[in-house]
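See below for the structure under consideration.
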Amino acid sequence: MKILLAKPFNISDHIQPSLGLGYLATAVRKEHDVEILDCIKEGITLDKIGHEIRKRSPDVVGFQFYTFDREYLKNAFRIVKEIDQDIVTLAGGPHPSAVPEDTLREIGNNLDFAFKGEAEVGLPILLREIEVAKASVPEKLNSEKLAQVPGLIWRRDGNVIVNQQVFPENLDALGFPAWDLIRPDRYPEAQHGAFFENFPIAPIMITRGCPFQCTFCGGSLVTGKKVRFRSVEHVMQEIEMLYRDYGIREFHIIDDNFTIKPDYAKEFCRRLIASGLKISWATPNGVRVETLDEELLHLMKDSGLYLISLGIESGSDRILKLMKKHLDTATVREKIKLIRKVGIDIAGFFIIGFPGETKEEIRQTIKFSTELDLLRANFFTYLPFPGTESYKELLQSGEIKKVDFNNFYFMSAPYAPSGITRKELRKLQREAFTKFFFLRPGILLKNLVKIKTFNHFKFLFRRFLRWVMKG
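The sequence shown maps to residues 571 to 1041 in my numbering.
Okay, here's the thing in structure tokens:
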């Protein structure tokens, strides 16, 4: 069968390869003809999706589904079915993993199936059943077989059924993402986080799973609570292949918990150093602050790490406790001094507008960010992601009844805590960026000198203009 795996278009300027779709393509390509379509990279807005479907005539269309993609995908699936009702439609990713029953209900009959969690095991099984059904007369899927597909979200007799998830223990056995279908060397310079040291860039996944209980995060809904590791040998083989075959010179480790086992991270760095590859790397999704020690940091720097991102989240110990971050501001200060002693630049992530937070605590966070030796900071407004602990608490308390998914992204402030309006929260967000970057000429200059190319400058200038125009 012809399988089209697609990343939906959205307004983000973070244009980076989808490892999730790459791994799924590897899982099914032995039995099917697979194509990966990045609608953000290719500029495929909703009015163009029909043309892309007609051009390819797929048997199955699967979309990656984040919560902020909801409206785009609701219409995209409708367009697919209007073109050909026999095309089987699929969805997978964070949103169906968080709210599996609601996903099928809110999209309706234009979405045939979805997956909860990782789908490398379940998708090949489902596609075999679809192929058998398409060849039968009359065409009919076997419900007993569907009930055995790991993680499948499907309908039976008008009810939504959610099958048990399976988390593969042996990550090496999944192989590499289908890089020949992704072509990371054809992606733009400024990807995750806007700044870079070398180019081309490729993301890489080393671990899956998260045992932590941060109330605002739904990562474990997709990858589970148990952390699983690829072997260092397998990771090195992928890095060497990307370096050799696609000219990749920078890697972004996108794990949630790359340093959770410091000995593993140290061995990885030693192998990277021994390889002699002339590369740079970064951790744009962040690492756990408390896992870092001086030996590990020296190895990370010596192996090419130039920027480490930290999920600091708040300058208020009370809010950090509410978030179940298991971190305090004293530890943050201590570890940042250690990282800077080694000579690694730091980007800090902060969340403002968390449930129960006050204006004074938000300003405490802003002040805290300027006291730390950070090269960059990003101030996200709190997003009530479906399925997370804080989202459930807000629903139960009645503080939120319905979320505007048309306005659901980190800079939009779709929610504000009691005592703060959404408009006030957006103003506080602007205040945070202004005080961190624009009222500190030294920090602004340190970032400006890291602009690599004219295209990089244009990218950052457009981002700045959007920020100004939002007022």
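Ideal Cβ positions, reconstructed from N, Cα and C, are used throughout, including at glycine.
{"Asked": "To the nearest whole angstrom, what separates the beta carbons of residue 927 and residue 889, a pair I think is in contact under 8 Å?", "Found": "6 Å"}
{"Asked": "Quick check on the DSSP output: what are the complete alpha helix (DSSP H) runs of length 4 or more inside the stretch 954–1031, in order along the chain?", "Found": "959–967, 992–1003, 1011–1018"}
{"Asked": "What's the call for residue 1031, buried or exposed, on a 16-neighbour Cβ count within 10 Å?", "Found": "exposed"}
{"Asked": "Using only the alpha-carbon positions, how far apart do residue 747 and residue 706 sit?", "Found": "32 Å"}
{"Asked": "Between residue 942 and the rest of its own chain, which residues show a CB-CB distance below 6 Å, the 5 nearest in sequence each way excluded?", "Found": "906"}
{"Asked": "Whole angstroms are fine: how far does the CA of residue 644 sit from the CA of residue 728?", "Found": "20 Å"}
{"Asked": "DSSP on residue 880, reduced to helix/strand/coil?", "Found": "strand"}
{"Asked": "Apart from the five residues on each side of it in sequence, which residues of its chain come closer than 7 Å, Cβ to Cβ, to residue 1007?", "Found": "1013, 1014"}
{"Asked": "Would you mind giving the Cβ-Cβ distance between residue 862 and residue 922, rounded to the nearest angstrom? I have them listed as a contact below 8 Å.", "Found": "Actually they are not in contact, since the Cβ atoms of residue 862 and residue 922 sit about 25 Å apart, beyond 8 Å."}
{"Asked": "Would you call the stretch 630–643 in contact with the stretch 575–585, where contact means no fewer than 3 C-beta pairs closer than 8 Å?", "Found": "yes"}
{"Asked": "What does the alpha-carbon distance come out to for the pair residue 824 and residue 732?", "Found": "28 Å"}
{"Asked": "If you draw a straight line from the alpha carbon of residue 588 to that of residue 754, how long is it in whole angstroms?", "Found": "10 Å"}
{"Asked": "Going by DSSP, what residue range makes up the beta strand (DSSP E) through residue 630?", "Found": "630–634"}
{"Asked": "Mind checking which residues open and close the beta strand (DSSP E) that includes residue 918?", "Found": "915–922"}
{"Asked": "Within 10 angstroms of its Cβ, does residue 900 collect 16 or more other Cβ (buried), or is it exposed?", "Found": "exposed"}
{"Asked": "How far does the alpha helix (DSSP H) with residue 865 in it reach, from first residue to last?", "Found": "864–872"}
{"Asked": "Do you know offhand how far residue 766's Cα is from residue 859's?", "Found": "22 Å"}
{"Asked": "Is the beta carbon of residue 649 within less than 8 Å of some heavy atom of the ligand MG?", "Found": "Absence of the ligand MG is noted for the structure shown, with no ligands found whatsoever."}
{"Asked": "In the DSSP assignment, find the alpha helix (DSSP H) that holds residue 835 and state where it starts and stops.", "Found": "832–845"}
{"Asked": "Using beta-carbon positions only, say whether residue 1043 and residue 835 come within less than 9 Å of one another.", "Found": "There is no way to answer for residue 1043, as the model of the chain reaches only from 571 to 1041."}
{"Asked": "For the beta strand (DSSP E) holding residue 577, just list the boundary residues, first then last.", "Found": "572–577"}
{"Asked": "Three Cβ pairs or more, each shorter than 8 Å: is that satisfied between the stretch 704–724 and the stretch 738–745?", "Found": "no"}
{"Asked": "Helix, strand or coil: which one does DSSP assign to residue 855?", "Found": "strand"}
{"Asked": "On the criterion of 16 or more Cβ atoms from any shown chain inside 10 Å, does residue 712 qualify as buried, or is it exposed?", "Found": "exposed"}
{"Asked": "Quick check on the DSSP output: the beta strand (DSSP E) that includes residue 608 runs from which residue to which?", "Found": "603–608"}
{"Asked": "Using DSSP's beta-bridge definition, name the partner residues of residue 900.", "Found": "Beta-bridge pairing links residue 900 to no other residue."}
{"Asked": "CA-CA distance, residue 798 and residue 1009?", "Found": "43 Å"}
{"Asked": "Where do the ends of the alpha helix (DSSP H) carrying residue 809 lie?", "Found": "802–816"}
{"Asked": "Give the range of the beta strand (DSSP E) segment to which residue 773 is assigned.", "Found": "771–774"}
{"Asked": "Taking the C-alpha atoms as reference points, what is the distance between residue 618 and residue 970?", "Found": "35 Å"}
{"Asked": "If you follow the beta strand (DSSP E) that residue 615 is part of, which residue opens it and which one closes it?", "Found": "Careful: residue 615 lies outside any beta strand (DSSP E) and carries neither H nor E."}
{"Asked": "CB-CB under 7 Å to residue 840, same chain, minus the five flanking residues each way: which ones, in chain order?", "Found": "869"}
{"Asked": "The beta strand (DSSP E) with residue 820 in it runs from where to where?", "Found": "820–823"}
{"Asked": "Starting from the C-beta of residue 776, find all residues in its chain whose C-beta is less than 8 Å away, skip the five residues before and the five after it, and write them out in chain order.", "Found": "799, 800, 805, 823, 825, 828, 838"}
{"Asked": "Check whether the stretch 952–971 touches the stretch 784–797, taking contact to mean three or more Cβ pairs, one atom from each stretch, closer than 8 Å.", "Found": "yes"}
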